[in-house]
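Visitor: My structure is below; once you've seen it, I'll send some questions.
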Amino acid sequence: SSTDIVGRILLTIQDKHEDNSDPNSYEGPHSMKQTPKDKQPRVGHVSHFLPTSRRIVQFSNGKGPGPNARVVYIDGGFDLFHAGHVEVLRAARQLGDFLLVGIYTDQTVSEIRGSGYPLMNLHERSLSVLGCRYVDEIIMGAPWEVTLDMLKTFNICLVIHGTVSEANPLVDGSIDPYSVPKTMGIFRMLESRKNITTSSVAERIMANHEAYKKRNAKKVESEKKYYEQKAYISGD
């Protein structure tokens, strides 16, 4: 729920504030400094969402690419699925007949973004993307690097990357996960039409921290009562 997600954002803000004020705070995966157990970096958040195969199928259109379909591939974290994601997916879909979206694992997103991320777990992010009308299929837990085997397995004709992203390996000079499709001449940078990121969405909530905190506290109590009073449902 949105209440749960706002709560996760507020919790991440609190964690980062404590890390900044603590001289013994976590310094990264290669730090030699010992970190107390109660200060270990948080990877993801606890969620009440319980995905089932039937629920996942309900979000899929059930159609595969045709024999001569032009398959377009785009990957990312897609955390806090927002209007910027929708726009880039819409533009990517227009470049082919079938849009395949790779969604990074929670661990990969955490390594890119840091402690407390992703705000939504892999299953939540996957269903958010799969529910988008421009998406034909997804890869849950897609690899960071686009390999030749992957391109052949899914008959990918074009690999896309948006110009607006949280951590753009083509800009910050780190390892390029798109080196294979670039060498093959099937890679394309796609101009992002909206300058929106997961961070910018979270920052809006951070800017109104106290207001959201008070409002969310009331909603959290309502959700808590819901789960405590939740009854058995039929199996139909």
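If you're matching positions, the sequence shown starts at 104 in my numbering and goes up one per residue. We put the beta carbon where it would ideally sit given N, CA and C, even for glycine.
Are cysteine 235 and leucine 192 close, meaning C-beta to C-beta below 8 Å?
Guide: By 1-based counting over the sequence shown, the position of residue 235 is 132. By 1-based counting over the sequence shown, the position of residue 192 is 89. A contact, by the Cβ cut-off of 8 Å.
Visitor: Please determine, among Asn311, Ala195, Phe201, Phe181, the residue with the shortest C-alpha to C-alpha distance to leucine 225.
Guide: Translated into positions along the sequence shown, residue 225 becomes position 122. The shortest Cα separation from leucine 225 among Asn311, Ala195, Phe201, Phe181 belongs to Phe181.
Visitor: Helix, strand or coil: how does DSSP classify isoleucine 177 here?
Guide: In the sequence shown, residue 177 corresponds to position 74, counting from 1. Reduced to three states, the DSSP call for isoleucine 177 is strand.
Visitor: Can you name the start and end residues of the alpha helix (DSSP H) that methionine 223 belongs to?
Guide: Looking up residue 223 in the sequence shown gives position 120. First-last for methionine 223: undefined, no H or E at that position.
Visitor: Would aspartate 239 and phenylalanine 201 qualify as a contact pair, given that the criterion is a beta-carbon distance under 8 Å?
Guide: As a working note, residue 239 is residue 136 in the sequence shown. As a working note, residue 201 is residue 98 in the sequence shown. Contact flag set, yes.
Visitor: Mark threonine 256 as exposed unless 16 or more other C-beta atoms lie within 10 angstroms of its C-beta, in which case mark it buried.
Guide: For the purposes of this step, residue 256 is identified with residue 153 of the sequence shown, where counting begins at 1. By the neighbour-count rule (16 or more Cβ atoms within 10 Å), threonine 256 is not buried but exposed.
Visitor: Answer yes or no: do cysteine 260 and valine 204 have a C-beta to C-beta separation smaller than 8 Å?
Guide: Counting from one through the sequence shown, the residue named residue 260 turns up at place 157. Counting from one through the sequence shown, the residue named residue 204 turns up at place 101. Their beta carbons are not under 8 Å apart, which means cysteine 260 does not touch valine 204 by this criterion.
Visitor: With a floor of 3 residues, list each beta strand (DSSP E) that falls wholly inside the region 186 to 246, ordered by position along the chain.
Guide: Listed in chain order, they are 201 to 207, 240 to 245.
Visitor: Under 6 Å Cβ to Cβ from histidine 188, same chain only, skipping five residues before and after it: list those, please.
Guide: As a working note, residue 188 is residue 85 in the sequence shown. Cβ within range, chain order: Phe181.
Visitor: Can you say whether proline 221 is buried or exposed, counting buried as having 16 or more other CB atoms within 10 angstroms of its CB?
Guide: For the purposes of this step, residue 221 is taken as residue 118 along the sequence shown, with counting starting at 1. Proline 221 comes out buried.
Visitor: Alpha carbon to alpha carbon, how far is glutamine 161 from phenylalanine 290?
Guide: Taking the sequence shown and counting its residues from 1, one reaches residue 161 at position 58. Taking the sequence shown and counting its residues from 1, one reaches residue 290 at position 187. For glutamine 161 and phenylalanine 290, the distance between alpha carbons rounds to 32 Å.
Visitor: By Cβ distance, which residues of its chain are closer than 6 Å to arginine 173, with the 5 residues on each side in sequence left out?
Guide: Here residue 173 refers to the residue found at position 70 when the sequence shown is read from its first residue. If we look at arginine 173 and ignore the five residues flanking it on each side, its Cβ neighbours are Gly199, Asp200, Cys260.
Visitor: I'd like the list of long-range same chain contacts for glutamate 294, defined as Cβ closer than 6 Å, with 5 residues on each side in sequence excluded.
Guide: Position 191 of the sequence shown, counted from the first residue, corresponds to residue 294. Result list for glutamate 294: Thr266, in chain order.
Visitor: Which class does arginine 111 belong to by DSSP, given the choice of helix, strand or coil?
Guide: As a first step, residue 111 must be located in the sequence shown, where it is residue number 8. DSSP places arginine 111 in helix when its eight states are reduced to three.
Visitor: Taking only three categories from DSSP, how would you classify leucine 183?
Guide: Reading the sequence shown from its first residue, position 80 is the one you call residue 183. Correct three-state label for leucine 183: coil.
Visitor: Could you give the distance in angstroms between the alpha-carbon of isoleucine 242 and the alpha-carbon of asparagine 171?
Guide: The residue given as residue 242 occupies position 139 in the sequence shown. The residue given as residue 171 occupies position 68 in the sequence shown. Going from the Cα of isoleucine 242 to the Cα of asparagine 171 covers about 21 Å.
Visitor: Arginine 196 to tyrosine 237, Cα distance in whole Å?
Guide: Working through the sequence shown from its first residue, we reach residue 196 at position 93. Working through the sequence shown from its first residue, we reach residue 237 at position 134. Taking the straight line joining both Cα atoms gives about 6 Å.
Visitor: Over the uninterrupted beta strand (DSSP E) stretch that includes phenylalanine 257, give me the two end residues.
Guide: Here residue 257 is taken as the residue at index 154 of the sequence shown, counted from 1. No beta strand (DSSP E) holds phenylalanine 257; DSSP gives it neither H nor E.
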